[in-house]
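Number of protein chains: 2
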Amino acid sequence: MSFTYKHPHPAVTVDGVVFGFDEADLKLLLVRRKSEPCKGAWALPGGFVALHEGLEEAARRELREETGIGELYLEQLYTFGDPKRDPRERVISVAYYALVKLAEHSVRADSDAAEVAWFPVAELPELAFDHERIVEIGLKRLKAKVRYEPIGFELLPEKFTLGELQRLYETVLEQDLDKRNFRKKILGMELLEALDEYQQDVAHRAAQYYRFNHQRYEQLRKRGFNFEL
Amino acid sequence: MSFTYKHPHPAVTVDGVVFGFDEADLKLLLVRRKSEPCKGAWALPGGFVALHEGLEEAARRELREETGIGELYLEQLYTFGDPKRDPRERVISVAYYALVKLAEHSVRADSDAAEVAWFPVAELPELAFDHERIVEIGLKRLKAKVRYEPIGFELLPEKFTLGELQRLYETVLEQDLDKRNFRKKILGMELLEALDEYQQDVAHRAAQYYRFNHQRYEQLRKRGFNFEL
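Quick note, the sequences are listed as chains A and B, same order.
With UniProt numbering applied, the first sequence corresponds to residues 1 to 229, in that order.
With UniProt numbering applied, the second sequence corresponds to residues 1 to 229, in that order.
What follows is the structure, given as structure tokens:
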């Protein structure tokens, strides 16, 4: 079958920049390409948009098909359209980005990928196409947003210690934070709920668990409150 | 001439959301469509991306061809890909947004548009395709950015009074601001340079002119300063 147009048309793909966090590392979800071009190279999960599907819908389908990841919150990141970014033809890619709780998303290589894995952002392999650039833009967005929206909580498990929360912020922002200031600021916003639970099996003093209060955040936001860290 | 592909391809366009400001109104640049579909309707300036050109390059070319606007700062806004947004075929549109100093950009309808005009954002005509939605996203971005980046100054003439600056913020944010607080905040950031010039031909007390100090802003930014209003 073939498709004919009066004017040349580009191909359009979607790519997913999916971040996860586990204890100490910010991680990125990658797949190993099964076919040419760049066969065998690591790449962002993604693929061609079908004519009948929306862009976000295509991104979800590709993530599901290539990595087994189901429901997740996706946000459009940026559209990459350098005329030479793909050796096959003119391919424009709409990138989406997502933050997931690592523990809740087991991944498996599905039909379209040879392999799938989480890589620490600090130790990424060489990536296919312009995917390094796409990841760079994704990290920039993450760093900018983490200061103004409580997105850190999307990367953490339901229950977390203040130490874990601080490590997440330090990892994303790539800078050390003063422990006392950090706690004062984060607790001062009154968005965390202290639980009557403590770490177990730790040698040092067991830290208390906290939970993010989504409801309270929505209430505050309606009154004009801005999260800021 | 015709172009044949093994898989169906969407068409890709660019659209420009160009904001300007004059004294009291936030304005949007629109063109009247010369051809079908939506012939005669007002729309965002834009058109099809050529295979050899980058997306931003295409947006600049379309703005030049349809409105006569030359150099301007463009930023990618969002990509719109609803499968039914264009009656002709699947058309994905990458929208760009720009802020211009109205006085410095005279516009004229060029080859591809029947007419071109600035409309107050509060009184827009009915727009072609999903362009109302695109404008909505553009306004949302503008409102969000104006608080965290000194983009207001891109919309004002080189010299402005504090009253004009406040009106700009009030217009973009759609809320009244307390005059004393506003002046204290904006002068406190030390980004404005008071000029030895005053309004002329005014019945009331002549207001002083100010200028935005770009160099100082860049210096402060390097030291970690965040603009915030």
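Each residue gets a CB set at the ideal place from its N, CA and C atoms; glycine is no exception.
For the beta strand (DSSP E) assignment, the uninterrupted runs of no fewer than 3 residues enclosed by the stretch 190-226 of chain A are, from N- to C-terminal side, 192-198 and 208-212. Per DSSP, GLN166 of chain B is one residue of the alpha helix (DSSP H) stretching across 162-173.
For ALA109 of chain B, no CB of chain A lies under 7 Å from its own CB, so it is not counted at the interface with that chain. Interface with chain B (7 Å Cβ-Cβ cutoff): PHE225 of chain A is excluded. Listed along chain A are THR79, PHE80, GLY81, ASP82 and ILE92, each with a C-beta nearer than 9 Å to that of LEU55 of chain B. Rounded to whole angstroms, LEU55 of chain A and GLU170 of chain B show a C-alpha spacing of 35 Å. VAL14 of chain B is positioned such that its CB atom lies closer than 7 Å to that of GLU62 of chain B. Taking every protein chain shown into account, the CB of LEU195 of chain B has fewer than 16 other CB atoms within 10 angstroms, so this residue is exposed. Non-local beta-carbon contacts of GLU149 of chain B in its own chain, meaning distances under 7 Å to residues more than five positions away in sequence, involve PHE227 in chain order. Rounded to whole angstroms, the Cβ separation of THR79 of chain B and VAL94 of chain A is 5 Å, and the two are in contact under 8 Å. For THR4 of chain A, a Cβ of chain B is located within less than 7 Å of the residue's own Cβ. Only residues of its own chain outside the window of five on either side were considered, and among them TYR96 have a CB closer than 6 Å to the CB of GLN76 of chain B, listed in chain order. Taking 7 Å as the threshold, the shortest C-beta distance from HIS9 of chain B to chain A falls below it.
Among the CB atoms of chain B, none fall inside 7 Å of the CB of HIS131 of chain A.
Across the set A:ASP130, A:GLY224, A:GLU65 and A:GLY188, the C-alpha of A:GLU65 shows the shortest separation from the C-alpha of VAL116 of chain A. For TYR148 of chain B, the enclosing alpha helix (DSSP H) covers residues 131-148.
For HIS105 of chain B, the closest Cβ of chain A is not nearer than 7 Å. GLY138 of chain B counts as buried, since no fewer than 16 other beta carbons sit within 10 angstroms of its beta carbon. Exposed is the label assigned to LYS179 of chain B, since fewer than 16 other Cβ atoms lie within 10 Å of its Cβ. In chain order, TYR78 and THR79 make up the part of chain A whose C-beta sits under 9 Å from the C-beta of GLN76 of chain B.
Taking a contact to require three or more Cβ pairs closer than 8 Å, the stretch 124-135 of chain B and the stretch 162-176 of chain B do not qualify as touching.
Listed along the chain, the chain B residues whose CB falls inside 8 Å of the CB of PHE48 of chain A are HIS7.
The CB of VAL12 of chain A comes closer than 7 Å to the CB of PRO10, VAL12 and ILE92 in chain B, given here in chain order. Three or more Cβ pairs closer than 8 Å define a contact, and the stretch 42-54 of chain B meets that threshold against the stretch 25-34 of chain B. When DSSP states are grouped into helix, strand and coil, LYS184 of chain A belongs to the helix group. Under the three-state reduction of DSSP, LEU72 of chain A is assigned to coil, being neither helix nor strand. Separation of GLY70 of chain A and VAL100 of chain A (C-alpha to C-alpha, rounded to the nearest whole angstrom) is 11 Å. Counting only unbroken stretches of 4 or more residues, the alpha helix (DSSP H) elements lying wholly within the UniProt domain "Nudix hydrolase" (7-141) of chain B are 55-67, in sequence order. When the five nearest sequence neighbours on each side are left out, the beta carbons in the same chain lying within less than 7 Å of the beta carbon of PHE119 of chain A are those of LYS27, LEU28, LEU30 and PRO125, in order along the chain.
The CB of HIS52 of chain B comes closer than 7 Å to the CB of PRO83 in chain A, given here in chain order. ASP22 of chain A and VAL146 of chain B have their C-alpha atoms spaced approximately 35 Å apart.
At the C-beta level, ALA103 of chain B and PRO37 of chain B stay beyond 7 Å of one another.
For ARG216 of chain B against GLU190 of chain B, the beta-carbon gap comes to about 7 Å, under 8 Å, which counts as contact. Shown here for GLU193 of chain B: same chain residues with a beta carbon closer than 6 Å to its own, the five before and five after excluded, namely ARG211 and ASN213 in chain order. The alpha-carbon separation between VAL12 of chain A and VAL202 of chain B amounts to approximately 56 Å. Looking from the CA of ARG183 of chain A, the closest CA among A:ARG221, A:ASP86, A:LYS6 and A:LEU229 belongs to A:LEU229.
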